[in-house]
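Colleague: Numbers 1 to 331, taken from the working numbering, label the letters of the sequence shown in order. Beta carbons: idealized from backbone N, C-alpha and C, even for Gly. A quick note: this is a predicted structure, and the numbers were derived from the prediction, not measured.
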Amino acid sequence: MLNGQKILITGGTGSFGKKFTKKILEDYDPEKIIIYSRDEYKQYLMQKQFEGYDNIRFFIGDVRDKDRLYRAFDGVDVVIHAAALKQVPAAEYNPLEAVKTNIQGAVNIIDASIDREVEKIVALSTDKAVNPINLYGATKLVSDKLFVAGNAYVGDKDTKFSVVRYGNVSGSRGSVIPFFKSLLDNGAKKLPITDERMTRFWITLDKAVDMVIKSLKEAQGGELYVKKCQSFKVTDLAEAMNPGAETEDVGIRPGEKLHEVMVTNEDSRTTYEYDDHFIIYPNFDWWDFDKHFKAGGKKVKEGFRYSSDNNTEWLSAEDLKELLETIDIVY
Numbered sequence: 001m002l003n004g005q006k007i008l009i010t011g012g013t014g015s016f017g018k019k020f021t022k023k024i025l026e027d028y029d030p031e032k033i034i035i036y037s038r039d040e041y042k043q044y045l046m047q048k049q050f051e052g053y054d055n056i057r058f059f060i061g062d063v064r065d066k067d068r069l070y071r072a073f074d075g076v077d078v079v080i081h082a083a084a085l086k087q088v089p090a091a092e093y094n095p096l097e098a099v100k101t102n103i104q105g106a107v108n109i110i111d112a113s114i115d116r117e118v119e120k121i122v123a124l125s126t127d128k129a130v131n132p133i134n135l136y137g138a139t140k141l142v143s144d145k146l147f148v149a150g151n152a153y154v155g156d157k158d159t160k161f162s163v164v165r166y167g168n169v170s171g172s173r174g175s176v177i178p179f180f181k182s183l184l185d186n187g188a189k190k191l192p193i194t195d196e197r198m199t200r201f202w203i204t205l206d207k208a209v210d211m212v213i214k215s216l217k218e219a220q221g222g223e224l225y226v227k228k229c230q231s232f233k234v235t236d237l238a239e240a241m242n243p244g245a246e247t248e249d250v251g252i253r254p255g256e257k258l259h260e261v262m263v264t265n266e267d268s269r270t271t272y273e274y275d276d277h278f279i280i281y282p283n284f285d286w287w288d289f290d291k292h293f294k295a296g297g298k299k300v301k302e303g304f305r306y307s308s309d310n311n312t313e314w315l316s317a318e319d320l321k322e323l324l325e326t327i328d329i330v331y
C-alpha cells in the first residue's frame with residue numbers, strides 16, 4: 001500500500017524516522033516522503049544522508065502548531081507519528097512542555113488527519129505508557145488512548161488510527177547499551193547496575209520499522225500492535241560488554257521500572273496472539289469485531305501479562321555479545 005503514496009513522518013529526523021525512510025525507499029516506490037520536525041540542523045544532516053533522492057521533502061514544524069500541521073498534511077495519504085518529548089528526567093522537570101507535545105500534539109495530529117482525510121495514521125508508543133510511573137509514560141498513555149478513540153470521530157471518512165508499542169530500541173540514545181559503552185571507553189572497571197533483577201526486551205530499529213509497516217498494511221483502526229521480542233537480564237548485558245568484570249549495585253533510579261511491560265493483565269481481555277506479535281483490540285461499541293478482526297489470532301488467557309521478566313524467549317550473555325556486533329550504538 002505504500003507504493004505511490006505520500007507519507008509524512010513527524011519527528012522524522014530521529015533514529016526511527018531515518019531508518020523508516022531508508023526502508024521505504026529501498027523496498028517501495030512512494031510518491032513523496034515528508035520529514036516533519038522542528039530542528040533545522042537535524043534536517044540538514046538528514047538531507048545530506050539522503051542526497052540523490054528527489055521524492056523527499058523537509059518541512060519545519062512543531063506538532064503543537066495545528067495550523068502548520070494542516071498545511072503539511074494537505075494531500076498526505078499516510079502519517080507516522082514519531083514526534084515526542086521522550087527523556088524521562090526532562091519531562092519530570094518540564095511537565096507542561098511534555099503535555100503540550102505528547103498530548104496536545106496528539107490531539108492536533110488526530111484533528112489534522114481527519115480534516116485532511118489522511119488514510120492511515122500509526123502512532124508510536126512505548127512500554128512506559130503501560131502502568132506509568134513517570135510523567136513521560138503518563139502522557140504517552142493518554143496519547144495512545146486518544147489515537148485509539150480517534151477512530152470514533154472520523155464519520156464517513158476512511159481515516160484509520162492505530163498504535164505500535166515497543167520498548168527501548170537496542171543501542172538507542174539514552175538506553176543502557178551506549179551508557180555502558182561510554183563508561184568502558186572511559187576506563188571504567190565496574191559497570192553500575194541499578195538492580196540485579198532488572199530485565200529488558202531486545203528490539204532493533206529494523207524490527208520496530210517492520211511492525212509499523214505491518215500495522216499500515218493490516219490495521220482497520222483502533223488496534224494496538226505489540227512486537228514479540230526476546231528478553232535479557234541487564235547483568236548478562238554487563239557480562240557481554242565487559243566479560244568477567246565486577247558490577248556495582250547502585251539502586252533503581254526515579255521513574256525507572258524493573259521490567260518492561262507491554263501487555264497488562266487488564267489488556268488481556270481483548271488481546272490476541274499472532275506468530276510474531278500481539279494485538280490489543282479496542283473495547284468500544286464502534287469497533288466491529290466480526291468485520292475487522294485479523295484472522296489467525298489466538299485469544300490469550302484472561303490475566304495474561306507480557307513482560308520482559310515472564311517471557312519464554314531469553315538471550316544469554318553469549319547471545320548478547322554476538323548481537324552487540326550487529327547494531328548501531330547512538331550516543
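#1: Assuming the contact rule is C-beta atoms closer than 8 Å, LYS376 and VAL176 should be a hit. Round their C-beta distance to whole Å, please.
#2: May I have a chain-ordered list of the beta strand (DSSP E) segments no shorter than 3 residues that lie completely inside the segment 119 to 180?
#3: Roughly how many whole angstroms lie between the Cα atoms of ILE35 and PHE147?
#4: Between which two residues does the beta strand (DSSP E) carrying GLU218 extend?
#5: Enumerate in chain order the residues of its own chain whose CB-to-CB distance from GLY222 is below 6 Å, with the five nearest sequence positions on each side excluded.
#6: Hey, LYS298 and GLU273: beta-carbon distance below 8 Å or not?
#7: Three-state secondary structure (DSSP) at LEU323?
#8: For the candidate residues LYS207, MET241, ALA245 and LYS233, whose alpha-carbon lies nearest to that of LYS227?
#9: Near GLY11, which residues of its chain fall below 7 Å by C-beta distance, leaving aside the five closest residues on each side in sequence?
#10: Does the beta-carbon distance from ASP185 to VAL163 come in below 8 Å?
#11: Express the C-alpha separation of VAL130 and GLY255 in angstroms, rounding to a whole number.
#12: Go through its chain and collect everything with a Cβ distance to VAL88's Cβ below 7 Å, but skip five positions before and after it.
#13: Consider the C-beta atom of ALA208 and the heavy atoms of the ligand MN; say whether any pair is separated by less than 7 Å.
#14: Ignore the nearest five residues each way along the sequence and tell me which others in ASP328's own chain have a CB closer than 7 Å to its CB.
#15: Could you tell me the alpha carbon to alpha carbon distance between VAL189 and MET241, rounded to whole angstroms?
#16: Excluding the 5 residues preceding and the 5 following MET198 in the sequence, name in chain order all residues of the same chain whose CB lies nearer than 6 Å to its CB.
#17: Scan the segment 251 to 310 and note each continuous beta strand (DSSP E) run of 3 residues or more that stays entirely inside, going in chain order.
#18: Using CA coordinates, which residue listed in ASP267, GLU196, TYR153 and HIS277 is at the minimum distance from ASN214?
#19: Look at the alpha carbon of ARG165 and the alpha carbon of PHE232, and state the distance between them as a whole number of angstroms.
#20: Give the straight-line distance between the Cα atoms of ASP195 and SER308, rounded to the nearest whole angstrom.
#21: How big is the Cα-Cα spacing for ASP39 and ILE60?
#22: Assuming VAL261 contacts ARG305 (C-beta within less than 8 Å), just tell me the rounded distance between them.
#23: Kindly indicate the opening and closing residues of the alpha helix (DSSP H) around TYR44.
#24: Give me the DSSP bridge partner(s) of GLN230.
Modeller: Quick answer:
#1: Past the edges of the chain, shown from 1 to 331, lies residue 376, and the structure says nothing about it.
#2: 120 to 126 and 160 to 166
#3: Stepping through the sequence shown from its first residue, residue 35 is reached at position 35. Stepping through the sequence shown from its first residue, residue 147 is reached at position 147. Between ILE35 and PHE147, the C-alpha separation is close to 21 Å.
#4: Taking the sequence shown and counting its residues from 1, the one referred to as residue 218 is at position 218. No beta strand (DSSP E) holds GLU218; the alpha helix (DSSP H) holding it covers 205 to 218.
#5: Start at 1 with the first residue of the sequence shown, and residue 222 comes out as number 222. Contacts found: VAL148, ASN151, PRO282 and TRP287.
#6: The count along the sequence shown starts at 1 and reaches residue 298 at position 298. The count along the sequence shown starts at 1 and reaches residue 273 at position 273. Yes, Cβ-Cβ distance for LYS298 and GLU273 is below 8 Å.
#7: As a position in the sequence shown, residue 323 is number 323, starting the count at 1. Here LEU323 sits in helix by DSSP.
#8: Position 227 of the sequence shown, counted from the start, is the residue given in the question as residue 227. LYS227 has its Cα closest to that of LYS207, out of LYS207, MET241, ALA245 and LYS233.
#9: The residue you call residue 11 lines up with position 11 of the sequence shown. GLY17, SER37, ALA82, ALA83 and ALA84, listed in sequence order.
#10: Sequence index remark: in the sequence shown, residue 185 carries index 185 (1-based). Sequence index remark: in the sequence shown, residue 163 carries index 163 (1-based). Their beta carbons are not under 8 Å apart, which means ASP185 does not touch VAL163 by this criterion.
#11: One-based indexing of the sequence shown puts residue 255 at position 255. One-based indexing of the sequence shown puts residue 130 at position 130. If I take the Cα positions, the gap works out to 13 Å.
#12: As a first step, residue 88 is located in the sequence shown; it is residue number 88 there, counting from the start. Excluding residues within five positions, the ones whose Cβ falls inside 7 Å are ASN134, TYR136 and GLY255.
#13: Looking for the ligand MN in the displayed structure turns up nothing, as the structure carries no ligands at all.
#14: Locating residue 328 in the sequence shown gives position 328, where the first residue counts as 1. Closer than 7 Å at Cβ, skipping near neighbours: GLY171.
#15: The residue you call residue 189 lines up with position 189 of the sequence shown. The residue you call residue 241 lines up with position 241 of the sequence shown. Sequence inspection shows Lys at residue 189; the Val mentioned does not correspond to that position. Between LYS189 and MET241, the C-alpha separation is close to 12 Å.
#16: For this step, residue 198 is matched to residue 198 along the sequence shown. Here the set comprises VAL234 and LEU258.
#17: 261 to 263, 271 to 273 and 277 to 280
#18: To locate residue 214, count along the sequence shown from 1; it is residue 214. In the sequence under discussion, the amino acid at residue 214 is Lys, which differs from the Asn named in the question. Ranking ASP267, GLU196, TYR153 and HIS277 by Cα distance to LYS214 puts HIS277 first.
#19: For the purposes of this step, residue 165 is identified with residue 165 of the sequence shown, where counting begins at 1. For the purposes of this step, residue 232 is identified with residue 232 of the sequence shown, where counting begins at 1. Roughly 18 Å between the two C-alpha positions.
#20: Counting from 1 along the sequence shown, the entry for residue 195 is found at position 195. Counting from 1 along the sequence shown, the entry for residue 308 is found at position 308. Straight-line Cα distance between these residues: approximately 14 Å.
#21: Indexing the sequence shown from 1 puts residue 39 at position 39. Indexing the sequence shown from 1 puts residue 60 at position 60. Straight-line Cα distance between these residues: approximately 7 Å.
#22: Walking along the sequence shown from the start, residue 261 turns up at place 261. Walking along the sequence shown from the start, residue 305 turns up at place 305. About 7 Å separates the two Cβ atoms, so the contact holds.
#23: By 1-based counting over the sequence shown, the position of residue 44 is 44. Run containing TYR44: 40 to 49, per the alpha helix (DSSP H) assignment.
#24: Counting from 1 along the sequence shown, the entry for residue 230 is found at position 230. Paired residue(s): TRP202.
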